[in-house]
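S.K.: Got a structure for you, questions after.
Numbering (the numbering used here), first residue to last: 1217 to 1614.
See the structure below:
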């Protein structure tokens, strides 16, 4: 952060909404009716909500808001559905995109000309905000509406890509497009790339940031960190999420209901010391796992004493979250074949949740065999390298 007149703090990075709040004009905003997809992460560097920025724009009318998973105020836990409402102060509709509809109906777009998107993404495929964005892009294409992304940093930087690309047929809200687990893109860059691959693209533009470089993590940006969801409180949570979110498809706790969601995994039948010892044999760089006991207050194993491990990222440049998660999964399957299990599909014929997260059935079918899962990691590394090449035409920040 720098200083102006000795007092005002100047962020190293200006986000799309920062530029909008400082007088940036855009022909899709001025003289138009706008809708806004946002949540508490839609905030300027000086803590003004994007809702208030948009409501205060001259010659522009904010006519609708759209809320993703966790709600407009970020107050709802994962998977909690909610309905439409009216904004209590602005008296405009807040349409739910995590209730009866995941893709907006035409009536939800009838009163807008341009839809703005301003949410802090985490750059990882499982996060449902990007999927909601893709659904809105598709709806805008069908309704003849325009989409404008107010870009924000990828909190993990823009250089590293991890994990395999989602297989066709495994699309869901935790993976709505054929992207790797860790994209290495900002939400604006990702939208441009996906839009180019859609059968019917929408009219799309991005208000690019000023000052962001691909080597920057969020802490380098000089911006306020607002937790993007209830169980993603810190950058430490984000760093490990690409690996430990896979445990959502198992009977092992991914740390929900503890003070270290996604940084800790465990279950009543896990010996943390033994698991940590087995993990160390892999000699993975940039990471240490340490035995820790916890009792989740909600979600899996609520109120039970659980053995497990906490993941410490010792070098974020070398740490690979997906590889770490796969190694932990393999060791738990190997150590506890009688206790460990995948969560069953909710109904006959539907997908295992682990398959939706992993983007295919390969993890579930190979993780028990060390040689097979190492081959899977190698194949995913190849896919990640190919993605890095394929994304180049859409990079806004070199």
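Beta carbons: idealized from backbone N, C-alpha and C, even for Gly.
None of these values were measured; they are calculated from a predicted model.
For a minimum of 4 consecutive residues, which ranges assigned as the alpha helix (DSSP H) are wholly contained in the segment 1367 to 1447?
M.R.: 1403 to 1413
S.K.: Does the segment 1253 to 1272 come within contact of the segment 1446 to 1458, defined as at least 3 CB pairs closer than 8 angstroms?
M.R.: no
S.K.: Residue 1169 and residue 1344 look like a contact to me (Cβ under 8 angstroms); what is the Cβ gap, rounded to whole Å?
M.R.: With the chain represented from 1217 up to 1614, any question about residue 1169 goes unanswered, as that position is not in the structure.
S.K.: To which residues of the same chain is residue 1233 closer than 7 angstroms at the C-beta, ignoring the five residues directly before and after it?
M.R.: 1258, 1260, 1266, 1269, 1334 and 1366
S.K.: If you follow the beta strand (DSSP E) that residue 1351 is part of, which residue opens it and which one closes it?
M.R.: That residue, residue 1351, is in no beta strand (DSSP E); its alpha helix (DSSP H) goes 1344 to 1359.
S.K.: Can you give the Cα-Cα distance for residue 1466 and residue 1535, rounded to whole angstroms?
M.R.: 23 angstroms
S.K.: Within 10 Å of its beta-carbon, does residue 1464 have 16 or more other beta-carbons around it, so buried, or fewer, so exposed?
M.R.: With 16 or more Cβ atoms within 10 Å of its Cβ, residue 1464 is classed as buried.
S.K.: I need the DSSP call for residue 1563, collapsed to helix, strand or coil.
M.R.: coil
S.K.: Under 8 angstroms between the Cβ atoms of residue 1400 and residue 1604?
M.R.: yes
S.K.: Just list the beta strand (DSSP E) runs in the segment 1241 to 1274, keeping only unbroken ones of 3 residues or longer that don't cross its boundaries, in chain order.
M.R.: Runs of the beta strand (DSSP E) spanning 3 or more residues and lying entirely within the segment 1241 to 1274 occur at 1249 to 1254, in chain order.
S.K.: Relative to the C-alpha of residue 1509, which candidate in 1491, 1500, 1497 and 1444 has its C-alpha closest?
M.R.: 1491
S.K.: Which residue comes first and which comes last in the beta strand (DSSP E) that contains residue 1525?
M.R.: 1523 to 1529
S.K.: Confirm, please, whether the CB-CB distance from residue 1336 to residue 1414 is below 8 angstroms.
M.R.: Taking 8 angstroms as the Cβ cut-off, residue 1414 and residue 1336 do not qualify as a contacting pair.
S.K.: Buried or exposed for residue 1602, please, with buried defined as at least 16 other CB atoms from any protein chain shown within 10 angstroms of its CB.
M.R.: exposed
S.K.: Under 8 angstroms between the Cβ atoms of residue 1283 and residue 1308?
M.R.: Their beta carbons are not under 8 angstroms apart, which means residue 1283 does not touch residue 1308 by this criterion.
S.K.: Within its chain, find whatever has a CB closer than 7 angstroms to the CB of residue 1434; leave out the 5 residues flanking it on each side and keep chain order.
M.R.: 1369, 1371, 1441 and 1451
S.K.: What span of residues does the alpha helix (DSSP H) with residue 1603 cover, start to end?
M.R.: 1586 to 1606
S.K.: If I measure Cβ to Cβ from residue 1264 and keep anything under 8 angstroms in the same chain, skipping five residues before and after, which residues do I get?
M.R.: The answer, listed in chain order, is 1237.
S.K.: On the three-state DSSP scale, how would you describe residue 1362?
M.R.: strand
S.K.: Residues in its own chain within less than 7 angstroms of residue 1417 by CB, not counting five upstream and five downstream?
M.R.: 1357 and 1411
S.K.: Going by DSSP, which residues form a beta bridge with residue 1469?
M.R.: 1482.
S.K.: Evaluate the contact criterion for the segment 1240 to 1258 versus the segment 1312 to 1332: three or more CB pairs, one atom per stretch, below 8 angstroms.
M.R.: yes
S.K.: Can you tell me where the alpha helix (DSSP H) with residue 1234 in it begins and where it stops?
M.R.: 1232 to 1237
S.K.: Taking 8 angstroms as the cut-off, decide whether the C-beta atoms of residue 1402 and residue 1374 are in contact.
M.R.: yes
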